[in-house]
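So the structure is just underneath, and the comments pick up after that.
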Amino acid sequence: MSRTTTGMTEDLRAYLIASGVRESALLAKLREETASLPAGGMQISPEQGQFMRLLVELTGAKRCLEVGTFTGYSALCVAMALPADGKLVCCDVSTEWTGIGRRYWKEAGLDHKIDLRIAPATETLEGLIANGQSGSFDFAFIDADKGNYDRYYEAALTLLRPGGLIGVDNVLWGGSVINPAKQDEDTLAIRALNAKIAKDERVTPAMIPIGDGLTLARKR
40 MSRTTTGMTE
50 DLRAYLIASG
60 VRESALLAKL
70 REETASLPAG
80 GMQISPEQGQ
90 FMRLLVELTG
100 AKRCLEVGTF
110 TGYSALCVAM
120 ALPADGKLVC
130 CDVSTEWTGI
140 GRRYWKEAGL
150 DHKIDLRIAP
160 ATETLEGLIA
170 NGQSGSFDFA
180 FIDADKGNYD
190 RYYEAALTLL
200 RPGGLIGVDN
210 VLWGGSVINP
220 AKQDEDTLAI
230 RALNAKIAKD
240 ERVTPAMIPI
250 GDGLTLARKR
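Structure, rendered in structure tokens:
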């Protein structure tokens with residue numbers, strides 16, 4: 040037992056990935072291609088992808104939502120865990136980045152499970168709500184522009200069924216959340232949402248130190 044979370048050195052993280060992550064060759068290939076890109080740092084870690092797959096399986100999720108898809112690693116992780124009749128709606132604005140993901144989704148034979156919407160996520164989410172899909176999703180993952188995090192959280196909460204789960208990424212923001220000198224828009228938005236979720240009686244939350252910090256919030 041330990042009263043605190045064990046610090047993660049590079050060697051220990053390598054052990055974690057080798058011993059605790061069941062990453063397919065295709066996922067590893069996508070991760071490596073993404074890492075070679077100038078914006079490769081936006082990709083989630085493989086251990087977080089493994090954790091998300093487990094969450095989808097544990098909750099029996101069939102309808103999932105992703106806000107911010109990038110090159111499709113997290114989407115592929117979720118799609119791999121979905122049942123045959125499962126569906127993942129992905130929101131993104133970049134055809135360039137998501138084009139990489141599309142190649143891998145197709146190669147995995149899972150592209151039929153992924154409904155990619157290229158448009159500002161706020162528009163896509165509002166459209167889903169307007170079309171009567173409130174309360175119909177089981178799992179939502181938010182990993183997009185931080186300035187809109189609160190709007191994405193509120194929309195995802197509306198779209199989730201009671202008992203559904205929201206995952207909010209980058210909640211530790213590389214440690215900037217505790218640095219008083221950091222007053223940029225993104226950091227302020229993350230701090231504000233972290234404080235909001237901690238007190239939000241509509242959910243049961245837990246902040247987990249995986250990747251760049253992941254908050255899980257179960258809708259009551």
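Throughout the sequence shown, residue numbering follows the working numbering, covering 40 to 259 in sequence. We treat Cβ as the ideally placed atom computed from N, Cα and C, and that holds for glycine.
Asp154 and Lys126 have their alpha carbons spaced roughly 7 Å apart.
Runs of the beta strand (DSSP E) lying entirely within the segment 122-201, each at least 3 residues long, are 126-131, 153-157 and 176-181 in chain order. Ranked by Cα distance from Asp177, the first of Ala100, Ser113, Asp223 and Ile229 is Ala100.
If you look at Leu97, you'll find it in the alpha helix (DSSP H) that goes Pro85 to Thr98. Judged by DSSP in its simplified three-state form, Arg230 adopts helix. With a beta-carbon spacing of about 7 Å, Asp208 and Gly250 fall inside the 8 Å limit used to define contacts. Bridge partners of Pro244 according to DSSP: Ala256. Annotated as proximal: Val106 and Ala160, with beta-carbon spacing under 8 Å.
Within the model, the alpha-carbon separation for Ile229 versus Ser75 is close to 27 Å. Bounds of the alpha helix (DSSP H) holding Arg70 are Ala64 to Ala74. In the structure shown, Arg102 adopts extended strand secondary structure according to DSSP, grouped into three states. Ser58: member of the alpha helix (DSSP H) spanning Glu49 to Gly59, first to last residue. Around the Cβ of Tyr54, a 10 Å sphere holds fewer than 16 other Cβ atoms; the residue is exposed. Distance between Ala57 and Ala169, taken at the CA atoms: about 45 Å. Rounded to whole angstroms, the Cβ separation of Tyr143 and Gly111 is 6 Å, and the two are in contact under 8 Å. Within 10 angstroms of the beta-carbon of Ser41 lie fewer than 16 other beta-carbons, which makes it exposed.
Taking 8 Å as the cut-off, the beta carbon of Glu96 is found closer than this to the beta carbon of Ala120.
In this chain, the alpha helix (DSSP H) harbouring Ala114 covers Tyr112 to Ala120. The bridge partners DSSP lists for Asp251 come to none. As DSSP reads the structure, Val207 sits in a beta bridge with Ile181 and Thr254.
Within the model, the alpha-carbon separation for Ala78 versus Ala234 is close to 28 Å.
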